[in-house]
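Data block below; observations after.
In my numbering, the protein residues as written are 169 to 237.
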């Protein structure tokens, strides 16, 4: 039982290290609609975060959104 508990605690510790650390908000100036760009921790590795956010920002900028500072 102690072995399984230890495995669970270690797993939770390592999974928490994969959490997203950066979120970018994009706002449509005409409609006021706000979208959030961040890495999905279940789909992308932590080292892909910058590229995922950049792609998301570019997609919304093409649609007329601007980054909220």
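Here a beta-carbon is modelled for each residue, glycine too, at the ideal position from N, C-alpha and C.
Since this is a predicted model, take the numbers as computed values, not measurements.
Using DSSP with H/G/I as helix, E/B as strand and the rest coil, what is residue 206? Position 38 of the chain shown holds residue 206. Three-state result, residue 206: strand.
Along the chain, where does the beta strand (DSSP E) containing residue 195 start, and where does it finish? Here residue 195 refers to the residue found at position 27 of the chain shown. Segment 191-195, the beta strand (DSSP E) holding residue 195.
Out of curiosity, what's the CA-to-CA distance linking residue 222 and residue 171? For the purposes of this step, residue 222 is taken as residue 54 along the chain shown, with counting starting at 1. For the purposes of this step, residue 171 is taken as residue 3 along the chain shown, with counting starting at 1. Rounded to whole angstroms, residue 222 to residue 171 spans 42 Å at the Cα level.
From residue 220 to residue 198, what does the alpha carbon distance come to, in whole angstroms? As a first step, residue 220 must be located in the chain shown, where it is residue number 52. As a first step, residue 198 must be located in the chain shown, where it is residue number 30. Straight-line Cα distance between these residues: approximately 25 Å.
In angstroms, rounded to a whole number, what distance separates the CA positions of residue 227 and residue 207? The count along the chain shown starts at 1 and reaches residue 227 at position 59. The count along the chain shown starts at 1 and reaches residue 207 at position 39. The alpha-carbon atoms of residue 227 and residue 207 are separated by roughly 15 Å.
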